[in-house]
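Residue numbers (my numbering), protein chains in the order written: chain A, 1 to 404; chain B, 1 to 404; chain C, 1 to 404; chain D, 1 to 404.
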């Protein structure tokens, strides 16, 4: 069987998640990493013709100057997240991939993210249309230069401030017109511009962040028009994953949750960005929604996300769940989750790249709701119960097998 | 519609769980208690013709001298588990129910449980057959005196020492012969004798404890012969419930669990009984099994159960789960569960009484595996994933509705 | 020995802390309560002639309409904090004490506290001087009506918004002039007015809250002029108590604390008041100061206080301490404190009443720094190490004994 | 000032603690490590003429075959405890130190420790006297070969099974006679033989383990006779350190502790040894004693120590403290301590070496009780309150300064 060359294009390509995705893919190809954390390495998926590690070519957009090697070493030094020997053995490939990473766009990313950006990028003046065309040219060059058979774009950039979706036109033909306005008059954030760029070229798009991305109705319409698939948003990695397995328990046992308090502390760049209240709002909203949908009522909730520098990439969540037992007696469940943010996210990004690339080959179009288990706020579905979400994935795999 | 009088017969009728069941049923009938903790009060069950609070008549076997009122007040005083005003308002009915509670049997319950028993009971000499006939006479009297339309027997007595099931004959006709031996030559524990007593009379039986009960193949055969249903064993109330929702998450995310340590501390009479290493063994075995079945491999596990007097009925579990993330990085989840043991168990016992009584009316026979979500070690199934277990219950409800 | 009648006058006399103090004192007098939580019942104090339970007469100021019985029952119902039988047995005395509680002042207490106040009190117009004279008349009446030999005033009212102390004149003669201005032009908060009222009458004053109270230099001068003693501020009951025993450990072991995060959740009226960011600022400042003083450097800290209604009076604190071990390896200590706020505070208030009344009899004047172990922000000392603070108390007791 | 060459001789020289001590001392000499964890680097000690890193020569006894480099790398690989780059930069010196480490003795160390020992050592037959003379010859060679001005022996070997101290003669002249018996008739464990070897040569000895060491009265007499100092036992590194700061808080606040449960899990070789119930008993006894002494009464306690392989050197302790508040209301404090065992112990061993060497120079003899803050079970004192213990150290330092 001939090899099928697959491109994985990352938005925010030198951030903590992307760096870990890239180190991970290189390490997997070299046989230096194992399966932990990779859902698609479960037996369930073994008959599916997902892309293999040796077929991947990596590229991406980034707004900062940095090298992947240095970013990976920072994860080692500041957070003890990745072994330095492993990074050393991947250095040559990381340096090569650096060359595939080109400047992104700062359209409506908010002041906190802008501050991290390169000087030239901050000074660049272009209309959304011009930025879009530049992005598409980047994707086209990448595809041609690497003779790719398929390509997936995945957004793993920092969280943008919230965007009022209701302000956007509902039809693609109307939204499109906004692209020709000057940047400051166009409400679309960068994440949506990347989504439009990919989908318009019939390249599938995944939004792993809480940013707007391909969520707006008009962009969903574009995806259907171009016959391409996409999914989002906000990868479900830690505290929210826990909520999506614990809340169904309280629901099924008829134990009313009186209050659910969640405190998250961590110290990576995402944390710095979320320290800006505007960007934080986008995130908290995404983390909090599912309780109502699973429980059928709204307990008092509190979600805090705080930047604690010393923790580096280690996100620690403490959740306190106060529930009412039989005869009204209050009881308490608390949990503490100590996980390395980038290492929890990265394998899911790789899984999504594999599954979305496969779905695109199978000509799936529109929102891939069978991927809901990967997201805090899955588009196109209100199912938040993790086990049921995973069953949807299992059923989809069954159907693929049946279809050969 | 004519009322249908339903008897609920509790083995261990003045223990913490039974006392709470009884106070709860009385309080529900009087409108003094609400739905928290009662699964069968979920909307899912509202079209099912389950027995109502006013139709229940309560009786049971017990080995200790005590009054329900005093036992309930002990739960208030020692554990702040039940409101004393509530108990006061139920006192008249509790005193009436006391009269329906008769002496049980000490057959192979082990020395620790024996010590709690009444003097006359400890001195009584009878063969298993004689004990069986006495128990059946008690059930018959209760049924007739109260003109019951249906009856359910539920074991909520203290945990017995483990019994080597492989020593028991596999056929009912062979097992039955053991009943005529002297007590010390019959390996059957009390819990199995109660099960035989009920099933032989075509009365459904539920084993809410880790004791042997109706588990042996020969007793399952008896149930089928008599055309009656039963289920067990070991109610899933706290730490194991958590395991059955968390382990599927680790499995689905391909996050290998390296070790799972669980420490349980509590101070009720169950705790005193479990302080005897023999009785504890039965329990730990039941708590530990499911991890292997959900994960597909066996991480190092440790389950400790310790008697800490000051905690009374408040069972506190601390679990430490050490798992391997992407690129081999170890991560940690810990949880602390602070629940009142009797209050967690009691509503499930009431749910089981309602569902089993209903199933018996619908002529279900043998093991009721659709009730697996209620048990730590459900008989007749290897499914331990809580959400899937609950789905089996949902599907059964759907079928009942379809059948009208 | 003739009895010596002692008055304890509480500011905020029907709040959670005061109600618990009063129920506690009544219960102690009746022999219904034991020693737990009462520092002055330690053997250390047994030779000291502290006032006894039967000698106490209770009165106070309050801004809300309520009865002590109803407030106590609320602590039972909403928080399971106090046994209802105990309250019932104290009801007659609580009703009598209600009559000793008179309207307080709303001077600069902030909008959130004002909202809880009675209509007539909210409408009352008086200058600070008039309020002061009214308060002093109340104290005088109480003293005479009850033929008191001694009197102590203790502030246990809700936390006021912060007051910029640097704006206040440093001399009493200058501060005094502010009292004749209209209320809105006088920066003094109610807590300081109560302090002035007491100290000016040579009545000792204790500020158990983070509010300003007797802290300002000018008021300390007044105390010295009148030859009376006082102390504050902010009772050290839970999380901060823990900090004052744990931080010395990190200091003595040379383990650098990189970050110390503390999340506090609770649902009593104090919590509601602290939900107003202005009032919260006063509190957080008081909780956070001591780390720097004990450690000698300032780790990153975060203290959050959130109102979670379902918790009632149960304050739960989760602290995460990230520290650096040998060879730079990071380690973690977390603790969870689940205590009932009013029950932790009340015995300390009783202790302070006893010790301050005794000190006043011994003619101590000015700040009683030997009481620093009771306060989050002890006035007149920078010692925050709990054990050293307690040693100061032990040494003072020794001196009293030596003095006969 | 001429350099003063100081020998530090470690018993168990290639165990986790010793390896970390040695890597640490080498790293400190090279300027690769900082002060965290080193008590003697606090400003308090800066005027004391403690030995400096460049003056240390390291040697020791060990029963296993291994290289320090390999043991250090194991701490990196299995536990992420020490940075591998740091180890690499110390390798040359570690290899040199390997040559100073010679075979120890297996006298009464118990079967579990014996299993880890070298074949030749396991087969060696010698009387305690012969072993003693061999050990002393080793110390003498080390001292001469390195022209040492002073020498300290510190036991950091695995915990031995408990030895019934009451069986031992109380006078040195009687104990000495046991040395000439065959090994199996001599009740002395290896730790005591090392202590005798050192003290008899007037070399100071520190027992950092719960083993018997220099504790017996007869050995204390030997120390006094030879005019040498010593101290022990059992380094206070984690959970017990916490107990010694928290228990004084409960005592001073008159909050009765009803139960104190401590669960310890870890996976290093110490853990394996403690998995043998005999060895564990020695440890648990040492951890549990101080509560009674600080509180003045004995709450129900439970201390478990369990070997969980995946944790490596990371010792995680979960403690649950159930205490009674005012009016009898129960409250709960829990803490979780996640520390790296060897990294917590090693700096204290270095501190003890410095302080004991200094004390020996100052001609201190007998038990050095001012070092009690370093030990779980300090010999010669009943003070367990950590802050008071540390004050004793501060006072000693003051006296040294005063003495010039």
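Note that the Cβ used here is the ideal one computed from N, Cα and C, for glycine as well. Small disclaimer: the values here were computed from a predicted structure and weren't measured.
Distance check for residue j and residue i, CA to CA, integer angstroms please.
i	j	result
residue 63(D)	residue 73(D)	19 Å
residue 45(D)	residue 397(D)	7 Å
residue 132(C)	residue 77(C)	36 Å
residue 114(C)	residue 372(C)	31 Å
residue 298(D)	residue 260(D)	10 Å
residue 6(C)	residue 385(C)	32 Å
residue 147(B)	residue 192(B)	26 Å
residue 246(D)	residue 110(D)	34 Å
residue 52(C)	residue 365(D)	51 Å
residue 294(A)	residue 252(A)	10 Å
residue 25(D)	residue 347(D)	9 Å
Just to confirm, is the Cβ distance from residue i to residue j under 7 Å?
i	j	result
residue 290(B)	residue 244(B)	yes
residue 168(A)	residue 216(A)	yes
residue 67(B)	residue 118(B)	no
residue 383(D)	residue 389(D)	yes
residue 10(C)	residue 156(C)	yes
residue 112(C)	residue 190(C)	no
residue 257(D)	residue 335(D)	no
residue 327(B)	residue 82(A)	yes
residue 262(B)	residue 308(B)	no
residue 424(C)	residue 317(C)	Residue 424(C) cannot be examined here, being either before or after the span of chain C that is shown, 1 to 404.
residue 228(B)	residue 202(B)	yes
residue 331(D)	residue 339(C)	yes
residue 163(B)	residue 212(B)	yes
residue 153(A)	residue 223(A)	no
According to DSSP, is residue i part of a helix, a strand, or is it coil?
i	result
residue 377(A)	coil
residue 141(B)	helix
residue 249(A)	helix
residue 269(C)	helix
residue 163(D)	coil
residue 330(C)	strand
residue 37(D)	coil
residue 324(B)	strand
residue 234(B)	coil
Flag residue i as yes if its beta-carbon sits less than 7 Å from any beta-carbon of chain E, otherwise no.
i	result
residue 340(A)	The structure shown contains no chain E; its protein chains are A, B, C and D.
Note down, in chain order, all residues in the segment 73 to 86 of chain D with a beta-carbon under 8 Å from any beta-carbon belonging to chain A. 80, 84 and 85
Which runs of the beta strand (DSSP E) at least 3 residues long sit entirely within the segment 159 to 222 of chain C? Give them in chain order. 205 to 207
Got a sec: which bits of the segment 373 to 386 of chain C sit with their beta carbon under 8 Å from any beta carbon on chain A, in order along the chain? Shown here is that no member of the segment 373 to 386 of chain C has a Cβ falling below 8 Å from a Cβ of chain A.
Against chain A: residues of the segment 239 to 266 of chain B by CB proximity under 9 Å: 241, 242, 244, 245, 246, 248, 249, 251, 252, 253, 254, 255 and 256
Taking any Cβ of chain D, which residues in the segment 309 to 333 of chain C have a Cβ under 7 Å from it, in chain order? 324, 325, 326, 327, 328, 329, 331, 332 and 333
Listed in chain order, which residues of the segment 27 to 38 of chain D have Cβ atoms closer than 8 Å to some Cβ of chain C? Residues are counted here when their Cβ sits less than 8 Å from a Cβ of chain C; for the segment 27 to 38 of chain D these are 27, 33, 34, 35, 36, 37 and 38, given in chain order.
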